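Everything on this sheet refers to the single structure shown next.
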Amino acid sequence: MQNLAGIKVMVIDDSNTIRRSAEIFLGQAGCEVILAEDGFDALAKISDHHPDVIFVDVMMPRLDGYQTCSLIKKNPKFKATPVIMLSSKDGLFDRARGRMVGSDEYLTKPFTKDSLLQAVGVHANHA
Numbered sequence: 001m002q003n004l005a006g007i008k009v010m011v012i013d014d015s016n017t018i019r020r021s022a023e024i025f026l027g028q029a030g031c032e033v034i035l036a037e038d039g040f041d042a043l044a045k046i047s048d049h050h051p052d053v054i055f056v057d058v059m060m061p062r063l064d065g066y067q068t069c070s071l072i073k074k075n076p077k078f079k080a081t082p083v084i085m086l087s088s089k090d091g092l093f094d095r096a097r098g099r100m101v102g103s104d105e106y107l108t109k110p111f112t113k114d115s116l117l118q119a120v121g122v123h124a125n126h127a
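The sequence shown begins at 1 in the UniProt record's numbering and counts up one residue at a time.
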């Protein structure tokens with residue numbers, strides 16, 4: 001298993017189950033995990049924690065994943081922070097829309113521990 005110790009990863013998802021499993025997978029790999037329930041919650045925490053990698057669910061109430069990603073990428077301080085979209089839909093349109101708002105990758109849910117850690121490994125090294 002790759003060592004991802006010290007990498008700060010934020011997981012934004014309105015599903016408690018998804019947040020918990022991501023937290024467990026990432027925690028086992030040594031990541032520091034910051035959890036947020038929605039885009040508004042996340043935007044408040046991003047400035048406090050400065051995560052290295054951000055996972056954001058596409059389908060969330062109030063502020064969806066595309067809007068959240070767009071707001072993160074518009075902030076000069078976080079423009080370079082990798083944002084990975086999480087979605088249960090694996091459509092071409094969804095991927096394209098994710099790219100349009102500046103996302104760096106698109107993971108389909110349910111994700112595996114390996115796909116989650118691999119995404120962190122790839123993107124944290126570019127940050």
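Just so it is clear, CB atoms sit at the ideal spot from N, CA and C, and this is done for glycine as well.
Being a predicted model, the structure only gives us computed values, none of them experimental.
Residue i versus residue j: straight-line alpha-carbon distance, rounded
{"i": "P76", "j": "H50", "result": "13 Å"}
{"i": "V58", "j": "L92", "result": "14 Å"}
{"i": "G30", "j": "D64", "result": "28 Å"}
{"i": "K109", "j": "L4", "result": "21 Å"}
{"i": "F111", "j": "Q67", "result": "22 Å"}
{"i": "residue 139", "j": "I24", "result": "Outside the shown range of the chain (1 to 127) lies residue 139, about which nothing can therefore be said."}
With 16 other Cβ atoms within 10 Å as the buried cut-off, status of residue i
{"i": "A80", "result": "exposed"}
{"i": "I72", "result": "buried"}
Own chain, CB closer than 8 Å to residue i, minus 5 neighbours either side, in chain order
{"i": "A127", "result": "With a pLDDT of 46 at A127, under the threshold of 50, the modelled position of this residue cannot be trusted, and the question is left open."}
{"i": "V122", "result": "E105"}
{"i": "I34", "result": "K8, V9, M10, V11, K45, H49 and P51"}
Closest Cα partner of residue i within the set the options
{"i": "V120", "options": "V56, K45 and F93", "result": "V56"}
{"i": "M100", "options": "K89, M85 and D114", "result": "M85"}
{"i": "S21", "options": "A42, D114 and L4", "result": "D114"}
{"i": "K74", "options": "S15, S103 and D38", "result": "S103"}
Same chain, Cβ closer than 6 Å to residue i, five either side skipped, listed in chain order
{"i": "D13", "result": "R19 and D57"}
{"i": "S88", "result": "K109"}
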